[in-house]
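Report on the structure given below.
There are 2 protein chains.
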Amino acid sequence: MRALLEKIAAEGEVVAGGVLKVDRFLNHQVDPRLMKRIGEEFANQFRGERPTKVLTLESSGISPALMTAYELAVPLVVARKRRPLTMTGEVYRAEVYSFTKQEANEIVVSRSLLDGFDRVLIIDDFLANGQAALGMVEVVRQAGAAVVGIGIVIEKAFQDGGRLLRSRGLRVVSLARIASLADGVIRFHEEVMNG
Amino acid sequence: MRALLEKIAAEGEVVAGGVLKVDRFLNHQVDPRLMKRIGEEFANQFRGERPTKVLTLESSGISPALMTAYELAVPLVVARKRRPLTMTGEVYRAEVYSFTKQEANEIVVSRSLLDGFDRVLIIDDFLANGQAALGMVEVVRQAGAAVVGIGIVIEKAFQDGGRLLRSRGLRVVSLARIASLADGVIRFHEEVMNG
């Protein structure tokens with residue numbers, strides 16, 4: 001998605017430890033018009049799969065996922081990182097290990113929000129090691145529902161997540177694929193640059 | 001806002017301790033079409049104040065705030081409850097006490113995202129004791145920016161937050177005002193029901 005690649009090239013920043021900082025348009029500050037275009041793109045890519053729900057993980061996944069759900073006219077379900085006081089009923093739960101923070105966290109979704117008839121489109125802002133996406137896939141599996149695809153705003157194609165998910169037969173669409181952040185330079189994956 | 005009141009009446013649930021659970025359309029599961037209408041309503045209410053940024057607090061504020069920012073064509077800034085690894089620069093910070101969880105949390109916003117020229121519209125999902133809103137007002141004050149208004153999806157009008165904010169001269173617009181949750185029954189504030 002050219003508008004996204006241009007935004008990453010212009011405003012993305014590589015900080016210590018090879019972390020890509022996109023604070024100015026994707027998570028800490030959010031560009032709503034860009035999110036709208038991202039939502040339209042995911043909706044176009046996955047509409048044929050007839051998703052009944054969009055699932056994301058709080059909190060940076062919410063903006064692109066909300067715009068996607070809006071375009072598809074289906075509800076958005078937000079997996080929680082800690083169980084809120086109001087979440088009183090039974091839940092699906094999965095463990096997500098963060099390599100960056102070196103800690104395991106549980107994600108939870110109320111059982112009342114997903115069932116065996118759902119066709120779930122998973123949306124997230126980043127794909128690196130794939131642990132968050134795998135946690136959401138596990139939640140959908142527990143519900144007996146189907147994962148119809150995974151939409152990622154920025155994939156770090158030099159990490160294992162994309163391969164891991166695709167090797168399980170999951171369809172992953174990434175709007176920007178980063179080939180390398182070595183030496184503090186953002187290099188995109190060629191097929192995306194030409195696409 | 002009639003569509004919102006109807007949704008609260010139909011799907012809201014009063015759980016133990018007088019907590020209003022709106023998990024099915026506002027936070028855990030989100031209704032994107034309703035969020036769009038909420039965003040349009042806030043934009044109509046505050047457009048005349050010429051806001052330059054919308055500010056909210058992760059994570060349940062993000063959906064209504066994103067749609068508001070989209071309508072106003074301004075960036076959304078998301079105050080963080082814990083400082084992410086990528087937030088490397090200087091920050092504005094404020095303490096927010098939660099009466100529900102009985103704990104104090106810090107909220108942070110990168111200094112690069114707000115400055116003295118900004119006119120900030122604060123959006124949040126709930127207003128009860130007003131502590132989260134006051135924390136955001138404090139962040140805006142530290143930036144030397146102006147708060148042009150506060151838009152709230154659901155105000156618990158039987159708690160102190162609304163009075164506290166309005167007594168400081170802040171313009172607060174609440175799309176639904178709950179007068180009481182006593183005996184597990186949701187009662188709306190009359191002026192809203194008639195409005």
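If you read the sequences in order, they're chains A and B. For the record, in the first sequence the residue sitting at position 48 is 48 according to the UniProt record's numbering, with numbers rising by one throughout. For the record, in the second sequence the residue sitting at position 58 is 58 according to the UniProt record's numbering, with numbers rising by one throughout. No residue lacks a Cβ here, since even glycine has one placed at the ideal position from N, Cα and C. Source: prediction; values computed, not measured.
{"query": "Within a Cβ cutoff of 7 Å, which residues of the same chain sit near Ala179/A, ignoring the five residues on either side of it in sequence?", "result": "Ala157, Phe158, Arg187, Phe188, His189"}
{"query": "Can you give me the Cβ contacts of Leu66/A inside the same chain, cut-off strictly under 6 Å, excluding the 5 residues immediately before and after it?", "result": "Leu76"}
{"query": "Look at Val140/A and Leu114/A and say whether their C-beta atoms are less than 8 Å apart.", "result": "yes"}
{"query": "Taking a Cβ distance cut-off of 8 Å, strictly less, list which residues of the stretch 41-72 of chain A are near chain B, in chain order.", "result": "Glu58, Ser59, Ile62, Ser63, Leu66, Met67, Ala69, Tyr70"}
{"query": "Less than 8 Å between CB atoms is the rule here; does Gly175/A satisfy it with respect to chain B?", "result": "Note that residue 175/A is Leu in the sequence shown, not Gly. No, its Cβ sits nowhere closer than 8 Å to a Cβ of chain B."}
{"query": "Can you check whether the C-beta of Arg80/A is within less than 8 Å of a C-beta belonging to chain B?", "result": "yes"}
{"query": "Do you know how far the Cα of Met136/B is from the Cα of Gly162/B?", "result": "15 Å"}
{"query": "Could you list which residues in chain B have their beta carbon closer than 7 Å to that of Asp35/A, in chain order?", "result": "Note that residue 35/A is Met in the sequence shown here, rather than Asp. Those are Leu66, listed as they occur along chain B."}
{"query": "Would you verify that the beta carbon of Lys21/B is, or is not, closer than 8 Å to some beta carbon of chain A?", "result": "yes"}
{"query": "For a contact meaning CB atoms closer than 7 Å, what does Asp31/A contact in chain B?", "result": "Pro75"}
{"query": "Answer with yes or no whether the minimum CB distance from Val14/B to chain A is below 8 Å.", "result": "no"}
{"query": "Are there 16 or more other CB atoms within 10 angstroms of the CB of Phe117/B, so buried, or fewer, so exposed?", "result": "exposed"}
{"query": "Below 8 Å on C-beta distance, what does Met87/B contact in chain A?", "result": "Asp23, His28"}
{"query": "Could you tell me whether any Cβ in chain B is nearer than 8 Å to the Cβ of Leu134/A?", "result": "no"}
{"query": "Report the rounded CA-to-CA distance for Ile106/B versus Met87/B, giving the unit in angstroms.", "result": "This sequence places Glu at residue 106/B; Ile is not what is there. The straight-line gap from Cα to Cα measures roughly 14 Å."}
{"query": "Going along the stretch 103-136 of chain B in order, which residues come within less than 7 Å of chain A, judged by CB to CB distance?", "result": "Ser110, Leu113"}
{"query": "Are Gly18/B and Leu181/B close, meaning C-beta to C-beta below 8 Å?", "result": "yes"}
{"query": "So, with DSSP's three-state summary, where would you put Val185/A?", "result": "coil"}
{"query": "Rounded to whole angstroms, how far is the Cβ of residue 196/B from the Cβ of Val78/B, which I believe are closer than 8 Å?", "result": "The first residue shown for chain B is 1 and the last is 195, placing residue 196/B beyond what the model contains."}
{"query": "Taking Cβ to Cβ, would you say Val15/B is nearer than 8 Å to Leu55/B?", "result": "no"}
{"query": "Take Tyr97/B and list the residues in its own chain whose beta-carbon comes closer than 6 Å to its own, dropping the five residues that flank it on each side.", "result": "Ala104, Gln131"}
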